[in-house]
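Taking my numbering, the leading residue of the sequence shown gets 12, the next gets one more, and so forth.
Note that the Cβ used here is the ideal one computed from N, Cα and C, for glycine as well.
Scroll down for the structure; my scribbles are underneath it.
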Amino acid sequence: MHVLYAKNSSIIYCALLHAYGFDRLKIPAIAPTFFANIAKMMGIEISFRDVKLDFSSDADVVHNFFESFTPKAKIVFQNWGECVGDAEVFVMKRADCVKLVIKNEKIAKKVELFLDGGVQRGRLWNYDVVDVGIKNLRRPCEEDGQQAIEESNEVVEFFEEKFRGSPYFDILKIGQKTLKTQYPILLKPSLYCPKEDIFAELREKGVHVEVRFKPLYRMSFFQGDFLPGAEELYKALLLLPMKKDVVKPLFEVLDKYRYRGCSF
Numbered sequence: 012m013h014v015l016y017a018k019n020s021s022i023i024y025c026a027l028l029h030a031y032g033f034d035r036l037k038i039p040a041i042a043p044t045f046f047a048n049i050a051k052m053m054g055i056e057i058s059f060r061d062v063k064l065d066f067s068s069d070a071d072v073v074h075n076f077f078e079s080f081t082p083k084a085k086i087v088f089q090n091w092g093e094c095v096g097d098a099e100v101f102v103m104k105r106a107d108c109v110k111l112v113i114k115n116e117k118i119a120k121k122v123e124l125f126l127d128g129g130v131q132r133g134r135l136w137n138y139d140v141v142d143v144g145i146k147n148l149r150r151p152c153e154e155d156g157q158q159a160i161e162e163s164n165e166v167v168e169f170f171e172e173k174f175r176g177s178p179y180f181d182i183l184k185i186g187q188k189t190l191k192t193q194y195p196i197l198l199k200p201s202l203y204c205p206k207e208d209i210f211a212e213l214r215e216k217g218v219h220v221e222v223r224f225k226p227l228y229r230m231s232f233f234q235g236d237f238l239p240g241a242e243e244l245y246k247a248l249l250l251l252p253m254k255k256d257v258v259k260p261l262f263e264v265l266d267k268y269r270y271r272g273c274s275f
């Protein structure tokens, strides 16, 4: 295993795409926008892959947002912690520190060269630019994150106990090897229609919920076919802050809107 440290996950993604020399790339339809933006900028043909309700996908590069599945891909972006799944490269971010774990020595050297600005160094001030690159390497930042992981696991366990069997939403099985910064819930179909009102009212109550993962093919810059799993997640997903005091206001708001229903 080869370990590198850098500052910015988007630049790392550039380095990885350059090192692999992809002509085509399979991307999950609910991936972060930079997965598609950077690939398109680098002239790589992209195709979107549908996702399952645990966020897993048959793609070359995946993002294991919540440690809700065990990935198998070339490149895995994940939360800080242990490497989860089977991949050639793991990228894990915490604050301004990004850690890369790379199995292939040739790929590792290409990535390191890119992140050093494409510079091949000689003696003293003698150096040459031998490839494209963007300087982004940093010193090791392996601060102990185990306590933070344990604290986030405690909140996950609390939520699982409180939310299990909820009539309003479903929950995912969340692993315990990585740091969680948000907790996902998947609203029942009857709450899809009032989702915007639910979001706004929770914000008014001080619960900083978020909504993400609009399918990439819905965006004007990209094109692609309708994918059922991605659409389902887009309609259902709410992200909760990792705070135990969100439980009461969450249930109060969802109970208020459960009578509205939703018809298609």
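Looking at Phe180, Phe170, Leu126 and Glu207, the one whose alpha-carbon comes closest to that of Lys199 is Phe180. Residues Leu227 and Met230 of the same chain have their beta carbon placed closer than 8 Å to that of Thr44, with the five preceding and five following residues left out of the count. With contacts defined by Cβ atoms closer than 8 Å, Leu190 and Asn75 do not form a contacting pair.
Per the C-alpha coordinates, the member of Leu202, Val218 and Val222 positioned closest to Leu265 is Leu202. Sequence-distant Cβ neighbours of Val140 in its own chain, meaning closer than 8 Å and more than five residues away, are Gly128, Gly129, Val130 and Gln131.
Across the structure, Lys206 and Phe88 are spaced so that their CA atoms are roughly 28 Å apart. For Tyr138, DSSP records a beta bridge to Arg132.
In this structure, Val14 lies away from Ile38, with their beta-carbon atoms at least 8 Å apart.
The beta carbon of Lys225 lies closer than 7 Å to those of Tyr245 in the same chain, with the five residues before and after it left out. Taken in chain order, the complete beta strand (DSSP E) segments of 3 or more residues contained in the segment 70-115 are 72-75, 83-90, 97-105 and 108-113. Taking C-beta atoms under 8 Å as the contact rule, Ser79 and Phe66 qualify, at a distance of about 5 Å. Three or more beta-carbon pairs drawn from the segment 109-126 and the segment 18-29 are found closer than 8 Å, and the two stretches are therefore classed as touching. Here Ala106 is exposed. Its C-beta has fewer than 16 other C-beta atoms within 10 Å. Judged by their CB atoms, Ala30 and Asn147 are not nearer to each other than the 8 Å cut-off. Taking each of Glu161, Gly186, Glu116 and Ile182 in turn and checking the Cα distance to Phe170, the smallest one comes out for Ile182.
Spanning the alpha carbons of Val143 and Ala50 requires a straight line of approximately 16 Å. One thing to note: Thr192 has its Cβ within 8 Å of the Cβ of Met253.
Considered as a whole, the segment 151-211 harbours 180-182 and 193-198 as its complete beta strand (DSSP E) runs of no fewer than 3 residues, in chain order.
Boundaries of the alpha helix (DSSP H) harbouring Tyr245: Pro239 to Ala247, taken from the DSSP string.
Under DSSP, Ala17 forms a beta bridge with Val109 and Leu148. Per DSSP, reduced to three states, the secondary structure at Phe224 is coil, with no helix or strand assignment. Secondary structure at Leu64: coil, using DSSP grouped into helix, strand and coil. Val257 and Val167 have their C-alpha atoms roughly 13 Å apart. Counting only the Cα atoms, Gly217 lies some 42 Å from Glu56. In this structure, Lys114 places its C-beta atom within 8 Å of the C-beta atom of Glu99.
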